[in-house]
Each structure stands twice: as structure tokens, then as C-alpha cells.
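Engineer: To start, I am sharing the structure in question, which I have written as C-alpha cells.
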């Protein structure tokens with residue numbers, strides 16, 4: 000299997016469900032999600048989009064839409080996968096994600112993340128509390144069993160907890176009412192920040208948006224998803240440097256599942272031609288950033304603007320070609336052979352012909 004890149008092309012443009020030039024009730028003309036594998040150029044593209052006079056880019060990855068315990072998990076737990084226990088845990092975990100993890104109040108990779116401060120703490124907690132009030136059906140203290148017996152009576156030790164706070168999340172027989180609550184939370188944060196900056200589009204970048212596109216389009220059917228691709232060898236090389244892996248196979252163990260899932264998504268029959276979806280290779284963006292921006296802006300109906308930007312460097316983008324050890328390069332080509340063509344890149348014909356997707 001082999002593939003080719005032939006520059007930047009404008010995507011198909013299915014009709015919007017509304018006039019793109021007319022702002023919606025939140026004052027927004029459109030929404031953009033940037034997606035990729037990670038180490039593929041998503042951060043730089045989102046930053047570049049944020050320089051446009053009409054586009055406000057979330058300053059960091061939001062991480063509450065499609066990450067574990069975020070909105071995607073919450074919607075599933077309160078609808079299709081609903082049970083007493085799923086709902087209890089999903090509501091609590093979402094609240095903890097928003098109140099503690101993403102506000103930097105944990106000793107994890109999100110320490111000092113301070114996502115709430117990008118939107119204003121008052122607005123953040125007002126929006127969160129408004130949503131949480133709609134998610135809880137019953138909130139009560141339940142008895143916790145004890146393990147101490149005195150004669151014929153069971154008793155708690157003095158230090159033992161006797162009651163536990165139990166939350167029964169609300170059941171949503173249909174997904175749309177819950178999705179509407181999710182939109183209200185997102186727009187209260189993102190759209191408000193965009194309006195205050197005098198902009199009418201917002202852009203959110205989390206690389207693994209790539210694996211949750213159907214959910215993002217369920218939230219916003221007219222959103223544009225920009226998939227930033229990069230030569231898989233460059234991605235693997237960058238991952239190894241970023242994470243400090245001793246062996247290239249460690250980077251490939253992390254990366255390969257993304258390509259497997261992407262391949263299966265493309266084979267699933269999901270019709271991307273009915274969505275606003277654009278694939279851009281980071282190598283093409285680096286070579287012609289103004290052309291990349293025109294393609295994106297055309298897709299959402301924003302005014303066009305050239306970007307005389309020197310932050311992209313094709314030489315830096317392709318640095319892996321000089322830095323990657325030949326053995327690592329061969330190993331990458333062998334393990335990821337089935338996916339080079341899918342991503343639009345060429346490898347040796349013998350590897351491509353023998354490639355079989357997982």
C-alpha cells in the first residue's frame with residue numbers, strides 16, 4: 000500500500016444547516032477542531048489559526064470534551080450505558096476532572112494546568128455548577144457496612160466512616176437533551192471568550208480529537224475538523240524524543256493503536272464527505288502556510304487572510320530524516336507499513352505490498 004500527497008486541496012463543502020455568515024445565538028459563525036496523532040503539528044496550526052482576526056483559539060488543550068471522564072464518557076454513561084453505578088461514577092469523575100484535575104489542583108501531569116483561568120474562574124464555576132445541577136437525580140448518604148462485632152451487634156470502629164455520599168446521575172433516554180447541556184457548557188466558556196476577544200469563530204486543539212470525530216460532530220454538526228497528518232516516521236521519532244523512550248518500539252507501542260483505530264474508522268463506512276473535514280499534511284503546511292490557512296478559512300466561511308509566518312520550517316519538520324537511526328527507521332516502516340498509504344505517505348514497495356492492517 001502506498002500513498003501520495005499532492006498539495007493542499009479544498010475539501011468538499013456540504014451545506015451548512017444555517018447561514019455561515021449569520022452568527023448563532025452565541026455570536027459564533029463557526030467552530031474548528033484540530034486533530035492528529037500528537038507530534039504531528041496540531042499545536043502550531045492551532046496557534047496559527049488563533050492569529051486570524053476572526054478566530055479565537057483555546058490557549059491550551061481543553062481536555063474535557065473527549066478525554067477520559069470528560070463529556071464523551073459522561074454522555075455515554077448517562078444514556079446508552081446507563082446504570083446506577085455507571086451514572087454515579089461518571090458524574091463524580093466529570094466533576095472532579097473539571098473542579099480539580101484541569102484546574103491544576105492535583106499532583107499529576109495537569110498540575111498547574113489552570114484551565115479555568117483562561118475563561119475566568121467565576122464563569123468556569125458558574126457554567127460547571129449550572130450543568131451539574133442538571134445531571135444529578137438523587138444525592139444522599141448511604142450506610143457503610145462495619146466490620147466490628149460486639150456480642151450480637153455490629154459496630155463501627157471510632158475511626159471508620161459510617162456514611163458515604165451516593166450520587167445517582169440522571170438518566171437521559173435520548174442523547175440530544177444531554178448533548179444540549181454539553182453545548183451550553185462549551186459555548187458558555189469558548190464562545191464567551193471568543194466574543195470578548197472580538198472574534199466570531201473558536202478553535203479547540205486536542206490531538207486525539209481524531210478518534211472522537213463522530214462525537215464532536217454530534218455536538219456540532221457544522222463544525223470543521225482539521226486532521227493534521229505527518230509522516231509516521233517523523234511522528235515516531237518525535238514521540239521517542241518527547242517521552243524519553245529508550246527504544247523505538249516503545250514509541251511505536253504508543254503510536255500504532257492510533258493508526259489501527261484510524262484505519263478501522265475509515266473502513267467503518269462513516270461518510271466523511273457529508274461532514275466538514277479537511278486533511279492537511281504538516282509538510283505541506285510548512286511549505287505553504289498561507290495556502291493551508293486559505294483552505295481552512297474557505298471551509299468555515301471566514302474571511303481569507305494570508306499569513307506571512309516564519310514559525311513553520313520544512314527543514315525542522317523533516318529533521319527526522321537526518322536524525323533518525325537507520326535501524327529505527329526500518330523498524331518504524333515494518334511495524335506501521337499498513338498505515339503509510341492511508342496517511343498519504345510512501346514507503347518501499349516490498350513493505351507496502353506485504354502490509355496487512357491489524
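Numbering (this note's numbering), first residue to last: 0 to 357. Even for Gly, the Cβ is constructed at its ideal location relative to N, Cα and C. As the structure is a prediction and not an experimental result, all values here were calculated from the model.
1) Drop a sphere of 10 angstroms on the beta-carbon of residue 269, count the other beta-carbons inside from all chains shown, and report buried for 16 or more, exposed for fewer.
2) Do residue 278 and residue 228 have their C-beta atoms closer together than 8 angstroms?
3) Could you check which residue in 122, 266, 293 and 42 has the C-alpha nearest to that of residue 208?
4) Hey, how far is the Cα of residue 338 from the Cα of residue 254?
5) Measuring CB atoms only, is the region 120-140 touching the region 159-177, in the sense that at least three cross pairs come out at less than 8 angstroms?
6) Alpha carbon to alpha carbon, how far is residue 223 from residue 359? Give it in angstroms, no decimals.
7) Thinking residue 28 and residue 200 are a contact (beta carbons under 8 angstroms), I'd like their distance in whole angstroms, please.
8) If I follow the unbroken alpha helix (DSSP H) through residue 73, where does it start and stop?
9) Among 83, 116 and 82, whose alpha-carbon lies nearest the alpha-carbon of residue 97?
10) Can you list, in chain order, the residues of its chain whose CB lies under 8 angstroms from that of residue 69, leaving out five sequence neighbours each side?
11) Does residue 118 come out as helix, strand or coil in the three-state DSSP assignment?
12) State the Cα-Cα distance for the pair residue 58 and residue 118, rounded to the nearest angstrom.
13) Below 7 angstroms CB to CB, which residues in the same chain sit around residue 11 once its five sequence neighbours on both sides are set aside?
14) What first and last residue would you give for the beta strand (DSSP E) that runs through residue 101?
15) Mapping DSSP to helix, strand and coil, what is residue 170?
16) Return the chain-ordered ranges of every alpha helix (DSSP H) run that is complete within the region 288-323 and spans a minimum of 4 residues.
17) For residue 127, which residues in the same chain have their Cβ closer than 8 angstroms to its Cβ, ignoring the five residues on either side in sequence?
18) Mapping DSSP to helix, strand and coil, what is residue 29?
19) Check each candidate in 264, 230 and 50 and name the one with the smallest Cα separation from residue 213.
20) I want to know whether the region 159-166 touches the region 77-92 - three or more CB-CB distances under 8 angstroms.
21) Which residue marks the beginning of the beta strand (DSSP E) containing residue 202, and which one marks its end?
Structural biologist: According to the data block:
1) exposed
2) yes
3) 42
4) 11 angstroms
5) yes
6) Residue 359 lies beyond the range of the chain shown here (0 to 357); nothing can be said about it.
7) 6 angstroms
8) 70-77
9) 116
10) 62, 63, 93 and 96
11) coil
12) 10 angstroms
13) Residue placement at residue 11 cannot be trusted, given a pLDDT of 45 that sits under 50; what the coordinates show is reported in the next sentence. Cβ within range, chain order: 272.
14) That residue, residue 101, is in no beta strand (DSSP E); it is neither H nor E in DSSP.
15) coil
16) 288-299, 313-316 and 319-322
17) 94, 97, 98 and 184
18) strand
19) 264
20) yes
21) 200-204
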